[in-house]
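K.L.:
Chain order of the listed sequences is A and B.
Taking this note's numbering, I'd label the letters of the first sequence as residues 1 to 241.
Taking this note's numbering, I'd label the letters of the second sequence as residues 242 to 482.
Think of the CB as a built atom: it goes at the ideal place given N, C-alpha and C, for glycine as much as any other residue.
Take this structure, written in structure tokens, and hold onto it; I'll ask about it next.
Number of protein chains: 2
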Amino acid sequence: MSITKSQLKLITSLSQKKYRQKHQLFIAEGTKVVNELLESSLELEILFATENFETTVRKDKITFISETDLKKISSLKTPNKVLGIFKIPEQNKIIDTGLIIALDAINDPGNLGTIIRLCDWFGVKQLVCSNDTVDCYNQKVVQASMGSLTRISITYLDIETYVKNTSLPSFIADMDGENVYKISLPKEGVLIMGNEANGVSSKIKKVVSNTLSIPRFGENKVTESLNVATATAILLSEFNR
Amino acid sequence: MSITKSQLKLITSLSQKKYRQKHQLFIAEGTKVVNELLESSLELEILFATENFETTVRKDKITFISETDLKKISSLKTPNKVLGIFKIPEQNKIIDTGLIIALDAINDPGNLGTIIRLCDWFGVKQLVCSNDTVDCYNQKVVQASMGSLTRISITYLDIETYVKNTSLPSFIADMDGENVYKISLPKEGVLIMGNEANGVSSKIKKVVSNTLSIPRFGENKVTESLNVATATAILLSEFNR
């Protein structure tokens, strides 16, 4: 079989957020990521796969295509057997329990993907993103999160309003904060990580209860700051250790 | 002025490791990274800059070029005023003191760049790389390390031989290791981080004295492993806290 013109048009359009939102669909690629999504509660729209892709997916949900056609629709350098289109799940309501990560204007898809994996590793079940954070159904995020996307509840909202209304203590990371190694951290709370270039925005800083810092151990005073994903890794480790 | 044909050929060739090694030169781009390199002990070969680049570099070391020419020689999406060619410094001999990071076959330039920044942040002065680790003078590494490259001594060598001969205790991160949060870590040692897909190679595992693990807190057993740069962040934090 081959890909129809309208399917090709749909796949191409899903690289843009506005069409993902219009169709409520997103793309995942490669055997590993697609299989994890198939095993999750996500609903499959359709799979495009080469003949050597082994699956128990219902026949009407899969279209077998040639390697050449897969290359045409893939955004990967080396396409790996399968491209799936999945339905975007409904956003869950945030429940004020446990440790919650909130992201303020994270731009880089790789950073968001890494942070989703970190949440999965450290048992963080809820991730809150500001409306100007990169879309978690962006293909690069989907690929970088490696299936962790299916296990974390991700909600886009206005962080300032959320922090004002939550009953949980809130934390941001900032150079002027308290040394994270010297204070005792609660089991529950909202940890807010800020934009790659500008950190947490000032309007959010105003409504936050606690400021943490990761001390610098080197002698040099030049290194500007840790990458947001590595800083998240260190802070999640401290909240959990 | 404009760029000569031979300069253009040199710049293009430096995207390949074999020509960087032949000429003992590498490229850095953008005002921030280039200025940090200029302030370091690195030796400048030549700068190509647009007229609005402010610098005190000797006139015979700088060629002013048009935005159009800068675009031609740049590997960045949005070139930023300057491209510099610098001399690759001589490798330092490793001194068995302090905490040393050793990388076994790290492939991704972004990961190496992030790890170099982490070393800088945590005061790690020596980084040892296996001969099959990505070249630290690869342009993507230079850009990702954001100037930290100038403050860390990086040496390429055979890790197995190095670990066998060092007087320091050696550590690797592995799922089957001791819980890193429950043991006391020394101030000095060699922490070995492994390849993105395969971890630390078996021949190195055989000669290592300690194995650490970062426990997983989530309930899911699927997340394969932490990204090598985030795992390095957490372990460096534990060695220093």
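Does the separation of the CB atoms of A/Lys81 and A/Thr150 fall below 7 Å?
P.N.:
To locate residue 81 of chain A, count along the first sequence from 1; it is residue 81. To locate residue 150 of chain A, count along the first sequence from 1; it is residue 150. Taking 7 Å as the Cβ cut-off, A/Lys81 and A/Thr150 do not qualify as a contacting pair.
K.L.:
Buried or exposed: which applies to A/Asp69, given that a residue is buried once 16 or more other Cβ atoms fall within 10 Å of its Cβ?
P.N.:
Numbered from its first residue, the first sequence carries residue 69 of chain A at position 69. Classification of A/Asp69: buried, given that the 10 Å Cβ count is 16 or more.
K.L.:
Assuming B/Ser454 and B/Met416 form a contact by the criterion Cβ under 8 Å, report the distance between their Cβ atoms to the nearest whole angstrom.
P.N.:
Translated into positions along the second sequence, residue 454 of chain B becomes position 213. Translated into positions along the second sequence, residue 416 of chain B becomes position 175. Indeed they touch by this definition, with Cβ atoms about 6 Å apart.
K.L.:
Residues of chain B with a CB under 9 Å from the CB of A/Gly123: which are they?
P.N.:
As a position in the first sequence, residue 123 of chain A is number 123, starting the count at 1. Going along chain B in sequence order, the residues near A/Gly123 (Cβ under 9 Å) are Arg457, Phe458, Gly459, Glu460 and Asn461.
K.L.:
In this structure, how does DSSP classify B/Lys381 when only helix, strand and coil are distinguished?
P.N.:
As a first step, residue 381 of chain B is located in the second sequence; it is residue number 140 there, counting from the start. Of the three classes helix, strand and coil, the one that applies to B/Lys381 here is helix, per DSSP.
K.L.:
In angstroms with no decimal places, state the Cα-to-Cα distance between B/Tyr397 and B/Asn420.
P.N.:
Within the second sequence, the letter at position 156 stands for residue 397 of chain B. Within the second sequence, the letter at position 179 stands for residue 420 of chain B. Rounded to whole angstroms, B/Tyr397 to B/Asn420 spans 30 Å at the Cα level.
K.L.:
Leaving out the 5 sequence neighbours to the left and right, which residues in its chain are closer than 7 Å to B/Phe267 when beta-carbon positions are compared?
P.N.:
Reading the second sequence from its first residue, position 26 is the one you call residue 267 of chain B. The answer, listed in chain order, is Leu255, Arg261, Phe327, Ile329, Tyr378 and Val383.
K.L.:
Pull up the CB-CB distance for B/Met387 and B/Ile306, whole angstroms please, since I reckon it's below 8 Å.
P.N.:
Stepping through the second sequence from its first residue, residue 387 of chain B is reached at position 146. Stepping through the second sequence from its first residue, residue 306 of chain B is reached at position 65. Going by Cβ atoms, the distance from B/Met387 to B/Ile306 rounds to 24 Å, so no, they are not a contact pair.
K.L.:
Of the residues that make up the segment 114 to 144 of chain A, which ones have a beta carbon closer than 7 Å to any beta carbon in chain B?
P.N.:
Cβ contacts with chain B come from Thr114, Arg117, Leu118, Asp120, Trp121, Phe122 and Gly123.
K.L.:
Could you list which residues in chain A have their beta carbon closer than 7 Å to that of B/Thr471, in chain order?
P.N.:
As a first step, residue 471 of chain B must be located in the second sequence, where it is residue number 230. Residues of chain A passing the Cβ test: Thr114, Leu118, Ala229, Thr230 and Ala233.
K.L.:
Could you spell out the range, first to last residue, of the beta strand (DSSP E) harbouring B/Phe480?
P.N.:
By 1-based counting over the second sequence, the position of residue 480 of chain B is 239. Note, B/Phe480: premise wrong, no beta strand (DSSP E); alpha helix (DSSP H) at Val469 to Asn481.
K.L.:
Quick one, which of B/Tyr403, B/Glu270 and B/Glu292 has its alpha-carbon nearest B/Leu285's?
P.N.:
As a working note, residue 285 of chain B is residue 44 in the second sequence. Residue B/Glu270 is the option with its Cα nearest to B/Leu285.
K.L.:
Strictly by DSSP, which residues pair up with A/Asn195?
P.N.:
Here the question's residue 195 of chain A lines up with position 195 in the first sequence. Answer by DSSP bridge pairing, in chain order: A/Gly199.
K.L.:
Quick one: what's got a C-beta closer than 6 Å to A/Val228's C-beta in the same chain, skipping five residues either side?
P.N.:
The sequence position of residue 228 of chain A within the first sequence is 228, counting from 1. Answer for A/Val228: Asn111, Met193 and Glu196, listed in chain order.
K.L.:
Roughly how many whole angstroms lie between the Cα atoms of B/Thr253 and B/Ile303?
P.N.:
Your numbering for residue 253 of chain B matches position 12 in the second sequence. Your numbering for residue 303 of chain B matches position 62 in the second sequence. Cα to Cα, B/Thr253 sits roughly 18 Å from B/Ile303.
K.L.:
Below 8 Å on the Cβ atoms is my contact criterion, and I expect B/Lys446 with B/Ile475 to pass it. Report the Cβ-Cβ distance as a whole number of Å.
P.N.:
Sequence index remark: in the second sequence, residue 446 of chain B carries index 205 (1-based). Sequence index remark: in the second sequence, residue 475 of chain B carries index 234 (1-based). That belief does not hold up - the Cβ atoms of B/Lys446 and B/Ile475 are roughly 20 Å apart, past 8 Å.
K.L.:
Entirely within the segment 250 to 280 of chain B and at least 4 residues each: give me those alpha helix (DSSP H) ranges in chain order.
P.N.:
Runs of the alpha helix (DSSP H) inside the segment 250 to 280 of chain B: 258 to 264 and 272 to 280.
K.L.:
For the segment 84 to 167 of chain A, which segments carrying the alpha helix (DSSP H) assignment without a break, of at least 4 residues, lie completely within its bounds, in sequence order?
P.N.:
Listed in chain order, they are 109 to 121, 139 to 145 and 159 to 165.
K.L.:
Less than 7 Å separating the beta-carbons of A/Ile159 and A/Ser130?
P.N.:
Counted from its first residue, the first sequence places residue 159 of chain A at position 159. Counted from its first residue, the first sequence places residue 130 of chain A at position 130. Taking 7 Å as the Cβ cut-off, A/Ile159 and A/Ser130 qualify as a contacting pair.
K.L.:
I believe B/Val404 touches B/Val448 by the beta-carbon criterion, under 8 Å. Please report the beta-carbon distance rounded to the nearest angstrom.
P.N.:
Counting from 1 along the second sequence, the entry for residue 404 of chain B is found at position 163. Counting from 1 along the second sequence, the entry for residue 448 of chain B is found at position 207. Right, the Cβ-Cβ distance comes to about 5 Å (below 8 Å), so this counts as a contact.
K.L.:
By DSSP, does B/Ile303 sit in helix, in strand, or in coil?
P.N.:
Counted from its first residue, the second sequence places residue 303 of chain B at position 62. Strand.
K.L.:
Please list the terminal residues of the continuous beta strand (DSSP E) segment that includes B/Thr452.
P.N.:
Mapped onto the second sequence, residue 452 of chain B falls at position 211. First-last of the beta strand (DSSP E) with B/Thr452: Asn451 to Ser454.
K.L.:
In this structure, does DSSP put B/Leu317 in helix, strand or coil?
P.N.:
Position 76 of the second sequence, counted from the first residue, corresponds to residue 317 of chain B. Looking at B/Leu317 - three-state DSSP - the assignment turns out to be coil, as it is neither helix nor strand.
K.L.:
Per DSSP, B/Phe412 is paired with what?
P.N.:
On the second sequence, residue 412 of chain B is found 171 positions in, with the first residue counted as 1. Paired residue(s): B/Leu432 and B/Asn451.
K.L.:
Below 7 Å on C-beta distance, what does A/Asn92 contact in chain B?
P.N.:
Indexing the first sequence from 1 puts residue 92 of chain A at position 92. Neighbours of A/Asn92 on chain B: none; closest Cβ ~17 Å, over 7 Å.
K.L.:
7 Å is my cut-off, CB to CB: does B/Tyr422 come that close to chain A?
P.N.:
Position 181 of the second sequence, counted from the first residue, corresponds to residue 422 of chain B. At least one chain A Cβ lies under 7 Å of B/Tyr422.
K.L.:
Out of A/Leu127, A/Asn35, A/Ser184 and A/Ala105, point me to the one whose CA is closest to A/Asn198's CA.
P.N.:
Here the question's residue 198 of chain A lines up with position 198 in the first sequence. The option with the nearest alpha carbon to A/Asn198 is A/Ala105.
K.L.:
For a contact defined as C-beta to C-beta under 8 Å, what are the partners of B/Leu467 on chain A?
P.N.:
Numbered from 1 along the second sequence, position 226 holds the residue referred to as residue 467 of chain B. Arg117, Leu118, Trp121 and Ala233, listed in chain order.
K.L.:
When DSSP labels each residue in this structure, what does A/Ile46 get in the three-state scheme?
P.N.:
Counting from one through the first sequence, the residue named residue 46 of chain A turns up at place 46. In the structure shown, A/Ile46 sits in a strand (DSSP, three-state: E or B).
K.L.:
A/Gly218 to A/Leu47, Cα distance in whole Å?
P.N.:
The residue labelled residue 218 of chain A in the question sits at position 218 within the first sequence. The residue labelled residue 47 of chain A in the question sits at position 47 within the first sequence. So the alpha carbons of these two residues sit roughly 50 Å apart.
K.L.:
Less than 7 Å between C-beta atoms, sequence neighbours within five positions excluded: which residues of the same chain meet that for B/Lys366?
P.N.:
The count along the second sequence starts at 1 and reaches residue 366 of chain B at position 125. So the qualifying residues of the chain are Gly339, Ile393 and Ser394.
K.L.:
Taking only beta-carbon atoms, is B/Asn276 less than 7 Å away from chain A?
P.N.:
Within the second sequence, the letter at position 35 stands for residue 276 of chain B. No, because no Cβ of chain A sits closer than 7 Å to the Cβ of B/Asn276.
K.L.:
May I have the straight-line CA-CA distance separating A/Ser225 from B/Gln265, to the nearest angstrom?
P.N.:
Taking the first sequence and counting its residues from 1, the one referred to as residue 225 of chain A is at position 225. Taking the second sequence and counting its residues from 1, the one referred to as residue 265 of chain B is at position 24. Approximately 30 Å, taken between the alpha carbons.
K.L.:
Please go through the same chain and pick out, in chain order, the residues whose beta-carbon is closer than 8 Å to the beta-carbon of A/Val57, but skip the five residues on each side of it.
P.N.:
Against the first sequence, residue 57 of chain A aligns to sequence position 57. Closer than 8 Å at Cβ, skipping near neighbours: Leu38, Leu44 and Leu47.
K.L.:
Classify B/Leu324: buried if its beta carbon has 16 or more other beta carbons within 10 angstroms, exposed otherwise.
P.N.:
In the second sequence, counting from the first residue as 1, residue 324 of chain B sits at position 83. By the neighbour-count rule (16 or more Cβ atoms within 10 Å), B/Leu324 is buried.
K.L.:
Please confirm whether A/Gly113 and A/Ala144 have their CB atoms less than 7 Å apart.
P.N.:
Against the first sequence, residue 113 of chain A aligns to sequence position 113. Against the first sequence, residue 144 of chain A aligns to sequence position 144. Going by C-beta atoms, A/Gly113 is nearer than 7 Å to A/Ala144.
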